[in-house]
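Enquirer:
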Amino acid sequence: MRPIRLTSFGYLHLPTGQDGSSVPPAADRIEDVRDRLRDPAAARDILDLDGLNPRVQDVVLATPGARELLANLAAYADLPAGPSHIAIGCAGGRHRGVDRTTARHAGCGRIPRMA
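Note that the working numbering gives residue 82 to position 72 of the sequence shown, counting from 1, and the numbers run on in steps of one.
(1) Taking P25 as the reference, give the member of P35, Y86, P74 with the closest Cα.
(2) Have a look at G75, Q28, L57, P13 and flag the residue whose alpha-carbon is nearest the alpha-carbon of G102.
(3) Please state the DSSP three-state secondary structure of R15.
(4) With a threshold of 16 other CB atoms inside 10 Å of the CB of G61, please say whether the residue is buried or exposed.
(5) I'd like to know if the stretch 35-48 and the stretch 72-80 are in contact, where contact means that at least 3 CB-CB pairs between them fall below 8 Å.
(6) Can you check DSSP and say which residues form a bridge with E41?
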């Protein structure tokens, strides 16, 4: 089993290319969760917390589609020619992206903590 590097990032904090579009980090796969997972920052009680906090992780995991996303990433990671680096981005890079890259939710330890 080879290690897979996970990176979380925020689209609002990316550098821009010459054409003015955002430039995400280089990765074998980039997963944009802005439209796939509800923004947990709307829950005022976790607004100041980040995705490493168990409360945020619980809220994100309870979001419709979160478990399916994890299953998809785990299946992709297990492919013979699967990725060595997956980047997961949300708006600010603080809640959804960080949570998806923690060992607790990323394939039960199959994928290590975020880079």
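We put the beta carbon where it would ideally sit given N, CA and C, even for glycine.
Expert: To lay it out plainly:
(1) The count along the sequence shown starts at 1 and reaches residue 25 at position 15. Residue P35 holds the alpha-carbon nearest to the alpha-carbon of P25 among P35, Y86, P74.
(2) Walking along the sequence shown from the start, residue 102 turns up at place 92. The residue with the shortest Cα to Cα distance from G102 is L57.
(3) Walking along the sequence shown from the start, residue 15 turns up at place 5. In this structure, R15 counts as strand in the three-state DSSP scheme.
(4) Start at 1 with the first residue of the sequence shown, and residue 61 comes out as number 51. Buried, because 16 or more other Cβ atoms sit within 10 Å of the Cβ of G61.
(5) yes
(6) For the purposes of this step, residue 41 is identified with residue 31 of the sequence shown, where counting begins at 1. I98.
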